[in-house]
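Q:
Residue numbers (UniProt numbering), protein chains in the order written: chain A, 1 to 408; chain B, 1 to 408; chain C, 1 to 408; chain D, 1 to 408.
1. Inspect the CB distances between the stretch 293-300 of chain C and the stretch 261-279 of chain B and report whether three or more fall short of 8 Å.
2. Within its chain, find whatever has a CB closer than 8 Å to the CB of residue 248 (chain D); leave out the 5 residues flanking it on each side and keep chain order.
3. How would you label residue 60 (chain D), buried or exposed, when you count the other beta carbons within 10 angstroms and need 16 or more for buried?
4. For residue 277 (chain B), which residues from the same chain have a beta carbon less than 6 Å from its beta carbon, with the 5 sequence-adjacent residues on both sides left out?
5. Got a sec: is the Cβ-Cβ distance from residue 331 (chain D) to anything in chain C below 7 Å?
6. Indicate the three-state DSSP secondary structure (helix, strand or coil) for residue 26 (chain D) in the structure shown.
7. Ignoring anything shorter than 4 residues, give me the alpha helix (DSSP H) runs that lie fully in the stretch 302-336 of chain B, in order along the chain.
8. From residue 279 (chain A) to residue 186 (chain A), what does the alpha carbon distance come to, in whole angstroms?
9. According to DSSP, which residues form a beta bridge with residue 36 (chain B)?
10. Along chain D, in chain order, which residues have C-beta atoms closer than 7 Å to that of residue 254 (chain C)?
11. Less than 7 Å between CB atoms is the rule here; does residue 318 (chain D) satisfy it with respect to chain E?
12. Could you tell me which residues DSSP puts in a beta bridge with residue 239 (chain C)?
13. Using a 10 Å radius around the Cβ and a threshold of 16 neighbouring Cβ atoms, would you call residue 69 (chain C) buried or exposed?
14. Looking at chain D, which residues of the stretch 127-140 of chain C have a Cβ within less than 7 Å of any of its Cβ atoms?
15. Any beta carbon of chain A sitting closer than 7 Å to that of residue 412 (chain B)?
16. Using DSSP's beta-bridge definition, name the partner residues of residue 251 (chain A).
17. Please report the distance separating the alpha-carbon of residue 341 (chain B) from that of residue 113 (chain A).
18. In chain B, which residues lie less than 9 Å from residue 215 (chain D) when you measure between Cβ atoms?
19. To the nearest angstrom, how far is it from the Cα of residue 268 (chain B) to the Cα of residue 141 (chain D)?
20. Note down the Cα distance separating residue 407 (chain A) from residue 234 (chain A), rounded to an integer number of angstroms.
21. Can you give me the Cβ contacts of residue 25 (chain C) inside the same chain, cut-off strictly under 8 Å, excluding the 5 residues immediately before and after it?
22. If you reduce the DSSP assignment to three classes, tell me which class residue 167 (chain D) lands in.
23. Beta strand (DSSP E) containing residue 84 (chain D): first to last residue?
24. Leaving out five residues before and five after residue 3 (chain D) in sequence, what residues of the same chain have Cβ atoms less than 7 Å from its Cβ?
25. Nearest CA to the CA of residue 12 (chain C): which residue from C:67, C:323, C:355?
26. Give the residues from the stretch 279-294 of chain D that approach chain A closer than 7 Å (Cβ to any Cβ), ordered along the chain.
27. Taking 7 Å as the CB-CB cut-off, is residue 323 (chain C) touching chain D?
28. Could you give the DSSP three-state label for residue 393 (chain C): helix, strand or coil?
29. When the Cα atoms are used, what is the spatial distance from residue 283 (chain A) to residue 208 (chain A)?
30. Could you check whether residue 86 (chain B) and residue 53 (chain B) sit closer than 7 Å to each other, using their CB atoms as the reference points?
31. So what's residue 362 (chain D) in DSSP terms, helix, strand or just coil?
32. Under a three-way DSSP split, which group does residue 188 (chain C) fall into?
33. Could you give the uninterrupted runs of the beta strand (DSSP E) lying entirely in the stretch 97-136 of chain A, keeping only those of 3 residues or more?
34. Let's see if you can read the secondary structure: which residues bound the alpha helix (DSSP H) around residue 152 (chain D)?
35. In whole angstroms, give me the CA-to-CA distance for residue 181 (chain A) and residue 174 (chain A).
36. Does the CB of residue 315 (chain C) have a neighbour CB from chain A at under 7 Å?
Structure below.
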């Protein structure tokens, strides 16, 4: 549904063409509250295909570009250039694409893992800061109202002192060697040159890790990890188990898998404190479960009048009307729009305690991936995220083991 | 998100202003797939308020009208007039508003219950047919992919011969005398002059009844009903229980309530056949449960690769990513867009076996309301929907009893 | 496990031989707390078979009888005769068997429906009273701790004023014409001469009705009912839907079915009040769900320290350790043992507000069956339980219709 | 319920007096199928208290002993001495008590953890073999019919090649410093001299580990573990996370906790294979969930006619009638009775592929506890169960760390 509102934010997209579900998801999210206009883009490497997608999306021919470089240059030069660029390409190009926009002062939404090494991730964070641009990373699960509610419950002390954190993103989507069938997403996600060896950690593990950080407010001080290849012959690790020691000495666990046979999605978190615990899972996102010390269970539903302001602000319909993944993406884009508009209109920042994830979160995610890989390569030795100096050495070690284990 | 696509369908809205959640829901649904442009409207009776809403929605001032009559006349006269008018006003004005557009050949989406009597409902159906306009009724629960899947399972014979149907839409939203607090929706829904005496039957009962018809393909041959006022002093019936005899002699039950304390939403259906049964509930809409003769339970999730074409067509993201109420509204508007475009472009009708509900469904819904009221007034006597000649008499009878029971 | 405790109660059984699951269930229940000794019995009509069962159960040969008449006479004559007789025969013999023991002052546990007519049921109640014997009816679902908890919550006012009651016992056990396969239980339960025409109402409906009465403390003032035969050719009604008006004007519904395809058991109750609602279902018996006015859901588990004394008293293991059907039977027999011992030892009665069901409950159950049949025969006319003067006339009417509907 | 059956097995109990729930649970289990007679015992260290318990259980005065030594000697000397001794004392006495009976050829049921070190556990296993006695360990969760079904599904290849195992027994029973309140069980379970430092691993971890072994048929080749003290000041570890490498290179996880706030019981297992996965949890023990490669979920219920013989054999009532923890204990005792009777009557062994856990399972459990403690003490280094030569050294190391972490 279009409106004539001249104040709508202007957006461009790189990637997200045919076969790229994530691009569609971003567009649904942007469209949800009608605060963005998709005005420019490069929708894939095939020029004709890209033009077709652009046309179907109503993007003008003159703003359908042959490359992201061209797009960044041209849009930066326009009076009415885009306010934000969405980077929805495979992992290996995130850095170059995001860099091109950020260094021209154009805000960026970049898919996770932000980049393939913490040094490049840090560069993006620095670039964004230097050029006063926003760098947002769509860990959109944190935009679900009931996740916001969970974070609020923790910060309000409803759980007491935190004692244990358990998170998993164990999906079954690639429990078979899907990459051998020509499946586009499976192909690049199991290609170590594109997705990295610890592929599943970057893809799903970072979602789980961000969710844990977002709800608890804790950071991992150190990790002890194991990487596995559950599908024989696969060229990347498709399963990871991690023991974590969070700040304040809180222990925890994380499990990431793309080969958890039968699981439909598999993102789920449980947080324990000395006065209660909570549980949230993505396959039933509009409920949040709380258990008290005695063992009584309370289920809160999205839309209840007693929920926090954070949760209420993100309620579109009301009690009993489920909202899902697209609404969560919409929430991410709504929070982002608040901030983009504030900057455009030179108003104070709208970023709240509970808001959209940024480049810092992306960087922390990449550091987590590196620490997991390094710990695994060192026989599950405890490893401090951010301390891994030379990632290539770790990658090489992981590579060596993988070739052995995976029989490649 | 806006595009320049000149071919987008043009829509107008009557009602759906401040405090009217249903108007927002329609707009979310229309926006979902970016196939409508909201170009005209009357957003409430207060002219200034309406102008404010119009402006925030990007509706041009010259197409923000003072009345639906003016709007119908002006839009019909424009070359680029609206393709469809959304009627989102309280029940008592549905007939006049819808009529104004239909008789000018403008298609209409009209909220349920379609009108307050079957004779006026039939007039709208006839008008739509005579003027070659579409009259669509947003029983949007039937647009959930897993409801489509349920209907497909029944028509494919997976349940065998149907034996029993149980449906309920028992919500707790008005379990207290909310109307005494100034709550806008509660006020008109408990005002017999606006919502009718059997208010809950028209509001929630028709949803349940449509869902049962949609999934089973059956119609009620006769009903035996009871109406109750669970909240003392309430001026309408807020609870109804109905025994049904569907076509082919299949027995069934329906329960509608706005006073089922604690229930968040409460729409749920179970269909039994001699080879299996299924269950779907709106509070977990992306799952469909099937039980076989032995008692084994199978749960199907939205996005599974084995689901029917109907379900797959309406899948936006994929397995494990919940879609909710707004997506269902989006599906309704998508199916409608297919048909509106086909008519605009003089292509063959796109209406499939499983498609959006029309005025006929709206008429059948009103007949159901009348039959329930009549049966109740006659001591639960079996009553044939469509046979109630003089509704006013029945209303009077119900009225009389209500005054007695409710102590008004 | 046996003990030498001479004070154990002595029990005898009529029926419950080979192929009779209910007899085994009674024995498990009696054994649970080791307060009964099974000392006498007639385990079926086949003398040899009965002797085999008796021997396997350790019943002495001299107390294994050829008929219930013989057993009643002999046991009444013994110094160490049985304290209680368990009647676990098909419905048509309940009256004669129970009568034989009661009129000799021997307490009786008699399966439901107590008898086939309210006049005979009343005779048993009177006999028990006259001979100072206990007549207990094993509606054992009311012996689940979480059902006791539900009843306590209602009586403590946690739900406020009751507004609606919905109960169903809709099983799928006989969704196929099992009786044609020689299935023993299906054969007699679908034989109108043994189980009566409204078979499913007597078998499962009375359980649901008792559960509703037990939890709410309400009685049905009148009913409007429908009986169906979902399995073609079946000689009894296998499905029933009932609208109820409980005391204090509280409306309700009941659904009984033996042909709800796919259902494993299907006993479930929901009770609504103006301050909250509760739900319990037998397939998950150790949980009780409460929903408050706002819509927040609380789940209580058997064994929680905050539960009522009634519930705690019946907890054998503790929180998190599920107890099931046999434990419920054990609870029935435990409460009964308290009372039998009190009478034996001339102590005051132990019967509490929430205790085991007696002959009065059995009589009310039979009156309910009669009212349902009568209402159905009269086109769902509202009928007062206990008012059906001549049940034979109603049976005849039901019979006539059944023959028509069922095509027999 | 007692019978005169002279062939009933004779049992004695050590421990299980007042306040000892586990003793009651054993007695319920033994009583369930009426195949044991409790004839002898020492029910606690207080002689009078023990006599009181004995009397209430119908144990003769002359077979109520002052000590287990006396009991073992006296019962071994009797013609009609006990067939089996139940050891239900705290952990630290298991070895001495079990040894006293086994070396006299009396079979033993000994609670887990079998002993406090693998060397003593191995001695018991050897003793049992040498004296031709049965040593059974009540990991009774493996006696649930749906756990048997799970094991059968794995061995039948329904999951394909196993890929991942996830098990947890995370309870919230001691999430507060219950030991400070005089709570009997909490006192000894948090006393390192009685329960050992890795208390929760021995208590709950061994249940989880046994369940994983029982269902998958795999053994852990090595573990990498973390021990935590979630309740400050507690003298033992109350939380443990373990990464496992099972035989055939299958990775897995285990989590044991007595401080998982809010959890009622918390035993749950998920097993993944390359063709499907299954899940079972103790709080809903009569269901077993299977998910196929596509993501469709199937729920099997205890009592379904299609279940395996193992499951059917242990079904007491039937579909839809929940059986719980006591029935599982009953199943353990039933399987054990089969074998005890076979030995008594000199018939062939009845031990099946899926049967009751024995001393070997107990020994493996103790080795697991030792390996977890050793890995933790060595900074989560991978450790091979059974390889830990000097447990005392590990205990000392764990002790040292605990004092540091726990602040003792």
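C-beta: ideal position from N, C-alpha, C; glycine also.
The structure displayed is predicted, hence computed values, not measured ones.
A: With the given structure in hand:
1. yes
2. Here residue 248 (chain D) refers to the residue found at position 248 when the fourth chain is read from its first residue. Around residue 248 (chain D): 162, 218.
3. On the fourth chain, position 60 is the one that residue 60 (chain D) refers to. Of the other Cβ atoms in all chains shown, fewer than 16 fall within 10 Å of the Cβ of residue 60 (chain D); this residue is therefore exposed.
4. Walking along the second chain from the start, residue 277 (chain B) turns up at place 277. Cβ neighbours of residue 277 (chain B) beyond the five flanking positions: 291.
5. In the fourth chain, residue 331 (chain D) corresponds to position 331, counting from 1. By this cut-off, residue 331 (chain D) is not an interface position.
6. Stepping through the fourth chain from its first residue, residue 26 (chain D) is reached at position 26. Residue state, collapsed to three classes: helix.
7. 309-313, all fully within the stretch 302-336 of chain B.
8. Mapped onto the first chain, residue 279 (chain A) falls at position 279. Mapped onto the first chain, residue 186 (chain A) falls at position 186. Those two C-alpha atoms are separated by around 30 Å.
9. Against the second chain, residue 36 (chain B) aligns to sequence position 36. Bridge partners of residue 36 (chain B): B:9.
10. Along the third chain, read from residue 1 onward, the residue named residue 254 (chain C) stands at position 254. Result: empty, since nearest Cβ-Cβ is about 19 Å, beyond 7 Å.
11. Looking at the structure shown, chain E is missing, and the protein chains on hand are A, B, C and D.
12. As a first step, residue 239 (chain C) must be located in the third chain, where it is residue number 239. Paired residues: C:228, C:257.
13. One-based indexing of the third chain puts residue 69 (chain C) at position 69. With fewer than 16 Cβ atoms within 10 Å of its Cβ, residue 69 (chain C) is classed as exposed.
14. none
15. An answer regarding residue 412 (chain B) cannot be provided, because it is not within the stretch 1 to 408 covered by chain B.
16. Start at 1 with the first residue of the first chain, and residue 251 (chain A) comes out as number 251. DSSP lists A:245 as partners of residue 251 (chain A).
17. As a working mapping, residue 341 (chain B) is identified with position 341 in the second chain. As a working mapping, residue 113 (chain A) is identified with position 113 in the first chain. Roughly 41 Å separates the two Cα atoms.
18. Taking the fourth chain and counting its residues from 1, one reaches residue 215 (chain D) at position 215. Correct list: empty, because the minimum Cβ distance to chain B is about 20 Å.
19. Numbered from 1 along the second chain, position 268 holds the residue referred to as residue 268 (chain B). Numbered from 1 along the fourth chain, position 141 holds the residue referred to as residue 141 (chain D). Going from the Cα of residue 268 (chain B) to the Cα of residue 141 (chain D) covers about 35 Å.
20. Numbered from 1 along the first chain, position 407 holds the residue referred to as residue 407 (chain A). Numbered from 1 along the first chain, position 234 holds the residue referred to as residue 234 (chain A). With a pLDDT of 38 at residue 407 (chain A), under the threshold of 50, the predicted position of this residue should be treated as unreliable, though the coordinate-derived value follows. If you draw a straight line from the Cα of residue 407 (chain A) to the Cα of residue 234 (chain A), it comes to about 9 Å.
21. Working through the third chain from its first residue, we reach residue 25 (chain C) at position 25. Here the set comprises 325, 326, 329.
22. Residue mapping note: residue 167 (chain D) aligns to position 167 of the fourth chain, counting from 1. Of the three classes helix, strand and coil, the one that applies to residue 167 (chain D) here is strand, per DSSP.
23. On the fourth chain, residue 84 (chain D) is found 84 positions in, with the first residue counted as 1. Boundaries of the beta strand (DSSP E) around residue 84 (chain D): 84-88.
24. Within the fourth chain, numbered from 1, the residue matching residue 3 (chain D) stands at position 3. With a pLDDT of 41 at residue 3 (chain D), under the threshold of 50, the modelled position of that residue is not reliable, and no figure is offered here.
25. The residue given as residue 12 (chain C) occupies position 12 in the third chain. Minimum Cα distance to residue 12 (chain C) is reached at C:67.
26. 291, 292, 293
27. Numbered from its first residue, the third chain carries residue 323 (chain C) at position 323. Output row for residue 323 (chain C): interface = yes.
28. Locating residue 393 (chain C) in the third chain gives position 393, where the first residue counts as 1. The pLDDT assigned to residue 393 (chain C) is 48, lower than 50, so where the model puts this residue is not dependable; a value taken from the coordinates is nonetheless given after this. Of the three classes helix, strand and coil, the one that applies to residue 393 (chain C) here is helix, per DSSP.
29. Residue 283 (chain A) sits at position 283 when you count from the first residue of the first chain. Residue 208 (chain A) sits at position 208 when you count from the first residue of the first chain. One C-alpha to the other measures close to 14 Å.
30. The residue you call residue 53 (chain B) lines up with position 53 of the second chain. The residue you call residue 86 (chain B) lines up with position 86 of the second chain. Cβ distance not < 7 Å, so residue 53 (chain B) and residue 86 (chain B) don't count as in contact.
31. The residue labelled residue 362 (chain D) in the question sits at position 362 within the fourth chain. DSSP places residue 362 (chain D) in helix when its eight states are reduced to three.
32. Along the third chain, read from residue 1 onward, the residue named residue 188 (chain C) stands at position 188. Reduced to three states, the DSSP call for residue 188 (chain C) is helix.
33. 107-110
34. Working through the fourth chain from its first residue, we reach residue 152 (chain D) at position 152. Start and end: 145-155.
35. Position 181 of the first chain, counted from the first residue, corresponds to residue 181 (chain A). Position 174 of the first chain, counted from the first residue, corresponds to residue 174 (chain A). About 11 Å.
36. The residue you call residue 315 (chain C) lines up with position 315 of the third chain. Taking Cβ atoms only, chain A never reaches closer than 7 Å to residue 315 (chain C), which makes this a no.
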